[in-house]
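The structure appears right after this line, and notes come after that.
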Amino acid sequence: METVNFTQMKNGTQEEYVFLQKLEHDYIRALPDRLLVALERLGGSLQGYKLSRLEHSLQSASRAEDDGADIEMIVAALVHDLGDELAPENHSQFAADILKPYVRAEVTWVVEMHGLFQMQYYAHHYGKPADGHLVHKDHPWFDSCQRFVELYDQAAFDPAYPTRPLSYFEPMLREVFTRPAFAQSQA
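With the UniProt record's numbering applied, the sequence shown has no gaps in its numbers, which climb one by one up to 187 at the end.
Below you can see the structure in the form of structure tokens.
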């Protein structure tokens, strides 16, 4: 079978759904490859900074590792801006949704909120409030997000910082994104 016969899902047979499940499993297994391509595309994205979005992402991950962060936070720092290309107005949520099945809830929350938290550094230049992140001041992961943004994100625009290449982080990315989905939430 090369394709299913049905034109409406409700008319599919067990044989067709078993066929599709195998294809989907293979597709999911290739997620790290697609993420690496998406990261490489960041090399030619948003202009105006001293570093490309790819270099920023690599520096964020390097800074996280240098700070002693665990593999989940390092990979989160690597992919935190993946949404810039396809979801510029909600890039944080986009990246958090990619990570969610593979990392602990804290990491997902930190990435989801990093866009709001980073505004403390520049929103006032646009006449917008810079303290919007404080609405979460009592959240248990507030300090974790503040640390992520302060040490790994807003500081990662320095061409002189010793930044590791994507090939260095590839094994970490593959380790995280080949885990069984949502396994950490059942631990």
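For every residue, glycine included, the Cβ atom is placed at its ideal position computed from N, Cα and C.
The three-state reading of DSSP puts P129 in coil, since its state is none of H, G, I, E or B. Non-local C-beta neighbours of H136 in its own chain, meaning closer than 6 Å and more than five positions away in sequence, comprise F142, ordered along the chain.
The alpha-carbon separation between D153 and Q8 amounts to approximately 45 Å.
Per DSSP, the continuous alpha helix (DSSP H) segment holding K22 begins and ends at 14-29.
Closest in C-alpha terms to A96, from the list C145, Q14, A69, Q21, comes C145. The Cβ atoms of F182 and P101 sit closer than 7 Å to each other.
If you look at W109, you'll find it in the alpha helix (DSSP H) that goes 105-118.
Counting along the chain, the unbroken alpha helix (DSSP H) around M172 starts and ends at 166-177. When DSSP states are grouped into helix, strand and coil, A156 belongs to the coil group.
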